[in-house]
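Mapped onto my numbering, the consecutive letters of the sequence shown carry residue numbers 944 to 1159. The next block holds one structure in the form of structure tokens; read it before the comments.
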Amino acid sequence: AVEISESDLRAAARQDIGDWFRFEIGPGQPLSAGVLGDRLPVTAYVGIAVWCHFHVDLVGPDTRITGNPEQVPPLAPIVLPEIRQHGYLAYPLVDHVADKTIAILQSYGPERLPSTRYKDLVDLVAIVSQSESEAEAQRVALESQADRRGITLPFAFSVPDRALWEPGYAAEAARSLLQATLTLDEALTVVGGFLTPLLDGSAAGRWDPRNGCWVS
């Protein structure tokens, strides 16, 4: 499955579609945290000049999604008469949120070390502050991810080790585009307001990002 996807990706990257770009894909490395799949480094060129570097994650059949892939617009819209831009099919937002939440809650390695996925909390702050979500769809996604990773969901959201997370989150938030919510307590207030009602079963209706509450 992953091998076939990688072969298809490399074949697609070799195509010349007349947009002046070409892509070189390097050797893949296994993904971390027990996820079946590979991360492939990609270099984009315009002519002979390097345009940017990025990576592509190819994940295996153990990945679960509960929502439908979502159509999103181009990241950088441009207006050129000879170029027609297309949007993207993106991983469902409810599954993104569930994946990041469970990555924070779960333990890692044979020593069951606490998560240090600080950037996942930064991402959750950004998502919760800007995006709407249906309570039932989000709850289903959380339960699916928890089942896949073999963890029991708590009744309230928090981080596993404040001594690690206070400096770790602050450093990651300072590197981000967040204009506020730069301390761990601020982040837990924002994200906890979203997640804790889902975890304790009280959330209903739709998340209102402007007012930071569930509205039924």
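Built from N, CA and C at the ideal position, the CB exists for glycine as well. Quick caveat: nothing in here was measured; it's all calculated off a predicted structure.
Along the chain, where does the alpha helix (DSSP H) that runs through residue i open and close?
{"i": "Pro-984", "result": "No alpha helix (DSSP H) holds Pro-984; the beta strand (DSSP E) holding it covers 980-989."}
{"i": "Leu-1131", "result": "1127-1143"}
{"i": "Leu-1165", "result": "No answer is possible for residue 1165: the residues shown for the chain start at 944 and end at 1159."}
Going by beta carbon distance, what residues of the same chain come within less than 6 Å of residue i, once the five residues before and after it are set aside?
{"i": "Arg-953", "result": "Ile-968"}
{"i": "Leu-974", "result": "Gly-980, Arg-982"}
Counting along the chain, where does the beta strand (DSSP E) carrying residue i start and finish?
{"i": "Arg-957", "result": "Run containing Arg-957: none; DSSP gives neither H nor E here."}
{"i": "Ile-968", "result": "964-968"}
Under the rule that 16 or more other beta-carbon atoms within 10 Å means buried, what is residue i, buried or exposed?
{"i": "Ile-1094", "result": "exposed"}
{"i": "Ile-1045", "result": "buried"}
{"i": "Asp-1000", "result": "exposed"}
List the DSSP bridge partners of residue i.
{"i": "Leu-1032", "result": "Gln-1014"}
{"i": "Tyr-1051", "result": "Leu-1056"}
{"i": "Arg-1149", "result": "Glu-1077, Val-1158"}
{"i": "Asp-1000", "result": "Arg-982"}
{"i": "Gln-972", "result": "Arg-982"}
{"i": "Ala-1084", "result": "BP columns for Ala-1084 are empty, so no partner."}
{"i": "Ala-992", "result": "Val-989"}
Take residue i and list the residues in its own chain whose beta-carbon comes closer than 8 Å to its own, dropping the five residues that flank it on each side.
{"i": "Ala-1113", "result": "Leu-1125, Thr-1126, Leu-1127"}
{"i": "Leu-1167", "result": "Residue 1167 lies beyond the stretch modelled for the chain, which goes from 944 to 1159, so this question has no answer here."}
So, at 7 Å on beta carbons, what are the nonlocal neighbours of residue i in its own chain, with the 5 sequence-adjacent residues on each side left out?
{"i": "Glu-1077", "result": "Arg-1149"}
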